[in-house]
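Student: Per the numbering used here, residue 213 is the first one in the sequence shown, and the count goes up by one each step.
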Amino acid sequence: MGFERFGRLSFTAQSKTADFVDFLEKGDLYATRCGDCGLIFFPPRADCCSCLSSAMDWVKVDPRGKLVSFTRSYFAPTGFENDVPYVLAVAEFDNIKVFGRFKEGYTEDDLSAGMEVALKPLTLPDGQISYQFEPAS
Ligand SMILES: [Zn+2]
213 MGFERFGRLS FTAQSKTADF VDFLEKGDLY ATRCGDCGLI FFPPRADCCS CLSSAMDWVK
273 VDPRGKLVSF TRSYFAPTGF ENDVPYVLAV AEFDNIKVFG RFKEGYTEDD LSAGMEVALK
333 PLTLPDGQIS YQFEPAS
C-alpha cells in the first residue's frame, strides 16, 4: 500500500515499489537497480525488463542533471486537462533518463538542451506526491 499517493492520478494502490513514495515525501529520489544485470530504473521497477530478475536494490539518485529535450504540451490526458499548456521534458541524472514535467511558470523560452536542472519532489495541493524539474540553482 502507499502508492495511491503518487502522481496526479494514481492508477494503483499497491506496488512492490511503494517505498518510492515514502522516499519522495522525505525529499529523496530513489531508483531501483537490478542486482543481476545492473540496469537502473526511474521511476523504479520491481522487476527487470532486460533479464527478468526481481532482485532489485534501492539506489539514491543525484538530483542534479542536464536537460536533454523538452516540448510544450497543449493537450493533456485525463486528470491534467486544466494544466495545459505545460512543459514536458527529459533530463539525464547519473546516466538515468527521466521523463517528467517542468515546474509551472517555465516555458520553452526559458529552457535549452544541456542546461543544468534539478529533479525535485513535489507535493500537489491535494496532498498527492510527485516530482518535477526546475532549473538548478
Ligand atoms: Zn536485470
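Glycine is no exception: its CB is placed at the ideal position from the N, C-alpha and C atoms.
This one's a predicted model, so the numbers in the text were calculated from it and none came from an experiment.
Spatial neighbours of Asp306 within its chain, please: C-beta separation below 7 Å, excluding the five flanking residues on both sides.
Tutor: So the list reads Val273, Asp274, once near-sequence residues are dropped.
Student: Can you tell me where the beta strand (DSSP E) holding Glu346 begins and where it ends?
Tutor: Start and end: 341-347.
Student: Please go through the same chain and pick out, in chain order, the residues whose beta-carbon is closer than 7 Å to the beta-carbon of Asp240, but skip the five residues on each side of it.
Tutor: Around Asp240: Lys272.
Student: Using the Cα positions of Leu279 and Gly219, report the straight-line distance between them to the nearest angstrom.
Tutor: Their backbone Cα atoms lie some 21 Å apart in a straight line.
Student: Taking a cut-off of 6 Å, which residues have a beta-carbon closer than that to any heavy atom of ligand 1, in chain order?
Tutor: In chain order, the qualifying residues are Cys246, Asp248, Cys249, Leu251, Cys260, Ser262, Cys263, Ser265.
Student: Per DSSP, Thr333 is paired with what?
Tutor: Residue identity check: residue 333 is Pro in the sequence provided, not Thr. According to DSSP, Pro333 bridges with Tyr343.
Student: To which residues does DSSP link Tyr318 through a beta bridge?
Tutor: Answer by DSSP bridge pairing: none, since Tyr318 is not bridged.
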